[in-house]
Amino acid sequence: MPRLAPVTMAALPFSSTCIDLFPLARLTAASLAMGSSLRQQGKPRGRGRATHQPAESETVMTASNATAELADYVLSVRPSDLPPPVVREGLRSFVNILGCMLSGSRHAGFAIAERAFEPFAGKPEATVIGRRKRTDAMTAGLLNCLSSSINTYDDTHAQAIIHASGPVAAAALALAERQKVAGADFLTAFTLGVEAACRVSMAVSVPPAKGSIAWSQTGICCGIGAAVAAGKLMALNAHELRRAIGIAACQAAGIRAMHGTMCTALMPAQAAQAGLRAAVLAAQGFTSSEASLEHRYGFVACFAEAGNPQAIAGGLGRHFEILANTYKPYPCGIVIHPMIDAALQLRRQNGLEPPAIDKIAIRANPAALALCDRPAPKDEFEAQVSLQHWVAAALVRGRAGIAEGSQESVRDGAIAALRGRVQVSADANVAPDATHLALALSDGRSLACGIEHALGSKHRPMSDADLTAKFEQLAEGSLAPKAAKDLAAECWRLADLPDAGALARAAA
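End of the sequence shown sits at 553 in my numbering; the numbers just go up one at a time, nothing left out.
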């Protein structure tokens with residue numbers, strides 16, 4: 046594949062430090078059960094480019110060469126090299142995230158960002174998904190990732206609790222519209238980008254690694270995944286891809302203080318743009334450390350109290366973290382999902398009316414309280430990470446979709462009243478994808494439901510049919526029903542398409 050043309054740098058929306066919804070891997074990992082035809086470009090090219098090598102003074106924290114090993118592996122992979130289950134999981138991840146982009150493009154928070162960046166936009170060369178307009182590639186990468194995460198409906202790696210598909214897909218789609226990219230090459234680059242982001246997160250947050258809860262794993266790690274995917278599509282050579290990883294690593298950001306605000310979605314969007322920017326700079330000869338991940342003052346050392354750089358390159362090509370990706374049946378933090386399952390089951394089986402419920406007692410994994418204990422959310426963004434809100438909404442309305450997380454639902458008097466009756470206790474013996482929920486009724490009866498594995502978890506994954514139905518539902522309001530159905534079918538055929546960018550244009 047020829048090198049893609051340079052992406053314009055004329056419009057670079059402001060960077061923002063923001064926060065992920067629930068990257069608490071070190072609290073949950075111990076018990077979490079949830080589950081191009083480019084050949085290696087190993088030789089640096091000429092044309093007067095800098096070919097910086099790490100100086101001897103750049104002592105690494107271990108003997109590992111994680112950055113180089115990751116880059117070399119990515120560039121060596123052809124579409125036929127990936128095992129069929131890995132290709133399928135990459136495809137499932139893409140179908141899910143494109144649907145999330147379509148839905149998020151109708152969100153008021155997305156409209157604010159679109160309006161803010163529009164005056165600074167450059168050449169219209171990439172689609173803004175769901176908006177029937179085009180903008181420059183850098184802005185499209187940011188906006189399309191923001192839309193993918195603003196409803197909190199994206200994917201989640203079962204151990205690292207990272208949401209990698211949005212940043213990686215947004216960066217890759219922006220490139221795929223600038224120059225024709227075969228679907229198989231696109232899917233390979235996307236899959237490898239998600240894999241890289243998950244591995245980097247494992248290296249700083251999942252035991253034996255230990256990371257601070259203050260960091261957003263999606264914010265700090267997904268720019269690297271986006272750079273890997275973009276670099277693969279741009280046919281960078283090995284030195285260029287190592288530098289792209291370093292450029293992305295030095296832009297890593299994301300703090301938990303933004304939990305429950307619009308910045309929750311801006312954080313992965315910044316990562317998408319940072320990764321795309323990194324690949325573009327590296328292609329032009331911009332330098333960075335080529336050992337940025339394992340350097341003694343590098344990424345792992347910075348973001349982990351105790352790092353595990355072996356997780357980045359160990360077993361590459363044999364073990365795939367993308368197989369642990371999961372998909373949400375409900376638009377909220379995954380630690381809330383088992384409670385929603387229990388609430389919906391009790392309501393469905395017993396025909397409950399909210400006034401008949403005096404008390405709701407929940408036993409949950411400590412991570413649920415650490416991340417989503419918000420008894421009185423003030424707006425829809427806090428509601429996304431309020432277990433009390435979602436349990437109450439499920440019991441009142443008998444469903445748990447985007448409408449149940451809206452501002453209107455936050456103000457719903459019946460839901461608000463029931464939120465006040467929720468009592469939650471932490472129990473380390475309860476797995477993160479499990480819960481026990483008990484109701485005390487006004488007539489003296491007690492009802493209880495135990496969930497061993499939540500819907501959408503590793504043990505109860507959403508099927509391909511489930512993901513198709515979710516896609517078509519999320520596309521409502523952006524596409525006509527037939528167009529949504531046809532686009533979903535085309536997404537499942539991605540590996541056979543001659544032009545991956547056609548999917549973005551069809552999703553306009």
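In this text, a Cβ means the ideal position worked out from N, Cα and C, and glycines have one as well.
Straight-line gap, S150 to S250 (C-alpha atoms, nearest Å): Residue numbering aside, residue 150 sits at position 105 when the sequence shown is read from its first letter. Residue numbering aside, residue 250 sits at position 205 when the sequence shown is read from its first letter. Spanning the two alpha carbons is a distance of roughly 31 Å.
Span of the alpha helix (DSSP H) around N395: The count along the sequence shown starts at 1 and reaches residue 395 at position 350. Here the alpha helix (DSSP H) through N395 covers H382 to N395.
Residues near L542 by beta carbon distance below 6 Å, same chain, minus five either side: Looking up residue 542 in the sequence shown gives position 497. Excluding sequence neighbours, L542 sits near G228.
Of the residues H504, A153 and I142, the one placed nearest N189, counting alpha carbons only: The count along the sequence shown starts at 1 and reaches residue 189 at position 144. Looking at the Cα atoms, I142 is the closest of the given residues.
Alpha-carbon spacing of A293 relative to K178, whole angstroms: Locating residue 293 in the sequence shown gives position 248, where the first residue counts as 1. Locating residue 178 in the sequence shown gives position 133, where the first residue counts as 1. Distance between the alpha carbons of A293 and K178: 28 Å.
Secondary structure of V173, DSSP reduced to three states: Indexing the sequence shown from 1 puts residue 173 at position 128. In this structure, V173 counts as strand in the three-state DSSP scheme.
CB of W435 within 8 Å of CB of L136, strictly: Here residue 435 corresponds to residue number 390 of the sequence shown, with the count starting at 1. Here residue 136 corresponds to residue number 91 of the sequence shown, with the count starting at 1. Between W435 and L136, the C-beta gap is not smaller than 8 Å, which leaves the two residues out of contact.
Alpha-carbon to alpha-carbon, M384 and Q224: The residue you call residue 224 lines up with position 179 of the sequence shown. The residue you call residue 384 lines up with position 339 of the sequence shown. M384 has its alpha-carbon roughly 46 Å from the corresponding atom of Q224.
Rounded separation between S487 and L414 - CA only: Working through the sequence shown from its first residue, we reach residue 487 at position 442. Working through the sequence shown from its first residue, we reach residue 414 at position 369. Distance between the alpha carbons of S487 and L414: 27 Å.
Which of helix, strand or coil DSSP assigns to Y375: What you label residue 375 is simply residue 330 of the sequence shown in a count that begins at 1. Coil at Y375, not helix or strand.
Where K527 sits in the DSSP three-state scheme: One-based indexing of the sequence shown puts residue 527 at position 482. K527 falls in the helix class under three-state DSSP.
Boundaries of the beta strand (DSSP E) in which L484 is found, first to last residue: Counting from 1 along the sequence shown, the entry for residue 484 is found at position 439. T480 to L486 is the span of the beta strand (DSSP E), which, as asked, contains L484.
Alpha-carbon spacing of L532 relative to G546, whole angstroms: Walking along the sequence shown from the start, residue 532 turns up at place 487. Walking along the sequence shown from the start, residue 546 turns up at place 501. In this structure, the alpha-carbon of L532 lies about 13 Å from that of G546.
DSSP state of N141 mapped onto helix, strand, coil: Here the question's residue 141 lines up with position 96 in the sequence shown. In the structure shown, N141 sits in a helix (DSSP, three-state: H, G or I).
Chain-order list of residues whose beta-carbon lies under 6 Å from that of P376 (same chain, five-residue window excluded): Counting from 1 along the sequence shown, the entry for residue 376 is found at position 331. Cβ neighbours of P376 beyond the five flanking positions: N196, T197, Y198, I447 and G450.
6 Å Cβ shell around P253 - same chain, five flanking residues per side excluded: Working through the sequence shown from its first residue, we reach residue 253 at position 208. Excluding positions up to five away in sequence, the list reads N353.
Buried versus exposed call for P164 [16 or more other C-beta atoms within 10 Å across all chains shown]: As a first step, residue 164 must be located in the sequence shown, where it is residue number 119. Exposed.
Residue range of the alpha helix (DSSP H) that includes V119: Start at 1 with the first residue of the sequence shown, and residue 119 comes out as number 74. Residue range A111 to S121 is occupied by the alpha helix (DSSP H) that includes V119.
Stretch pair the region 202-220 + the region 233-248: three plus CB contacts closer than 8 Å: Contact holds: three or more Cβ-Cβ distances are below 8 Å.
R408 and V325 closer than 8 Å at C-beta: Locating residue 408 in the sequence shown gives position 363, where the first residue counts as 1. Locating residue 325 in the sequence shown gives position 280, where the first residue counts as 1. It is not a contact, given that the beta carbons lie outside the stated cut-off.
Given 8 Å, three or more beta-carbon pairs between the region 422-433 and the region 489-505: Short answer: they don't touch.
CB contact flag (R322, M183, <8 Å): On the sequence shown, position 277 is the one that residue 322 refers to. On the sequence shown, position 138 is the one that residue 183 refers to. Between R322 and M183, the C-beta gap is smaller than 8 Å, which places the two residues in contact.
Residue interval of the alpha helix (DSSP H) (run including K277): Here residue 277 is taken as the residue at index 232 of the sequence shown, counted from 1. K277 -> alpha helix (DSSP H) spans Q262 to L278.
Proximity test, L389 beta-carbon vs the ligand GTP heavy atom, cut-off 7 Å: Only the bare structure without any ligand can be found here, which leaves the ligand GTP out of the picture.
Inter-residue spacing [alpha-carbon to alpha-carbon] between H481 and L548: Numbered from 1 along the sequence shown, position 436 holds the residue referred to as residue 481. Numbered from 1 along the sequence shown, position 503 holds the residue referred to as residue 548. Looking at the two C-alpha atoms, the distance is approximately 42 Å.
Cα-Cα separation between L500 and C494, rounded to whole angstroms: Here residue 500 refers to the residue found at position 455 when the sequence shown is read from its first residue. Here residue 494 refers to the residue found at position 449 when the sequence shown is read from its first residue. Their backbone Cα atoms lie some 14 Å apart in a straight line.
Helix, strand or coil at E521 [DSSP, three-state]: For this step, residue 521 is matched to residue 476 along the sequence shown. Strand at E521.
Reference I258; option with closest CA among A302, E222, R287 and A234: In the sequence shown, residue 258 corresponds to position 213, counting from 1. Ranking A302, E222, R287 and A234 by Cα distance to I258 puts A302 first.
Residues of its chain near L368, where Cβ-Cβ distance is below 6 Å and the 5 sequence neighbours each way are ignored: In the sequence shown, residue 368 corresponds to position 323, counting from 1. So the list reads E134, once near-sequence residues are dropped.
Top-ranked residue by Cα proximity to L512, from L361, A336, V140 and L232: Against the sequence shown, residue 512 aligns to sequence position 467. Closest by C-alpha distance to L512, out of L361, A336, V140 and L232, is V140.
The alpha helix (DSSP H) enclosing D230, as first and last residue numbers: For the purposes of this step, residue 230 is identified with residue 185 of the sequence shown, where counting begins at 1. Here the alpha helix (DSSP H) through D230 covers G228 to S250.
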